[in-house]
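Have a look at the structure below before the remarks.
Numbering (UniProt numbering), first residue to last: 1 to 232.
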């Protein structure tokens, strides 16, 4: 997906060439607020981390809802549990960050705004006591989520997941031009190699035929004399 930005530039160049300046301005504005981040995995993960670190719960939920509609809805059903698990882990990281940075008001706000969505989920039942629990980092039920290892593992898993699903997306024709050009180049190279081999084989066959068609050498003179005498 690294070539998406290059494709954006090509489209801009074409719009400018055609004089579609209004469309060009609209495209520029939409690219600036592109939630897909040009399908750049690193930028997308950075955006999620930024929303967590700045306590932007609304932005985080809107981004995930957008990905749900645009990307996750196209995935096989077998991958949906993985999507939900990642969503749960991201929200838990948000909660952990509010505790680690002593933002109790943000912690309370989270459960107030998310209560309707999370109360019915068994994996969240214990978490609703966090605003009233002391020493959360040392509690056996939650200590793991405060470790650097768990947090780093989550971000690596998120990065790998996005990388895999973006690679599996069906691209429009314009976006697959580079792959098609590479295929054509490979075919041309293979054809050239076959042409050289065929030419070499043809030359070798011609040399062999010339050897087969070479005139037989005349018999030795003494044999000619003996046959001549017999004939006489």
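Even for Gly, the Cβ is constructed at its ideal location relative to N, Cα and C. Computed from a prediction, not measured in an experiment: that's the story for all the values here.
Pair within 8 Å by beta-carbon distance, residue i and residue j
i           : j           : result
residue 128 : residue 136 : no
residue 52  : residue 93  : yes
residue 30  : residue 64  : no
residue 130 : residue 107 : yes
residue 113 : residue 57  : yes
residue 41  : residue 163 : yes
First and last residue of the uninterrupted alpha helix (DSSP H) at residue i
i           : result
residue 50  : 41-53
residue 65  : 57-70
residue 94  : 80-100
residue 161 : 148-167
residue 114 : 104-118
Cβ distance (whole Å) where residue i is taken to contact residue j below 8 Å
i           : j           : result
residue 155 : residue 45  : 6 Å
residue 16  : residue 10  : Not quite, the Cβ-Cβ distance comes to about 11 Å (not below 8 Å), so this is no contact.
residue 188 : residue 146 : About 57 Å; that fails the 8 Å criterion.
Which listed residue (the options) has its alpha carbon closest to that of residue i
i           : options              : result
residue 5   : 19, 113 and 43       : 43
residue 165 : 186, 149 and 71      : 71
residue 95  : 120, 126 and 191     : 126
residue 132 : 104, 123 and 153     : 104
residue 91  : 109, 60 and 69       : 60
residue 122 : 200, 62, 85 and 202  : 85
residue 76  : 168, 186 and 149     : 168
residue 150 : 97, 22 and 69        : 97
residue 102 : 201, 26, 192 and 134 : 134
residue 144 : 203, 89, 26 and 184  : 89
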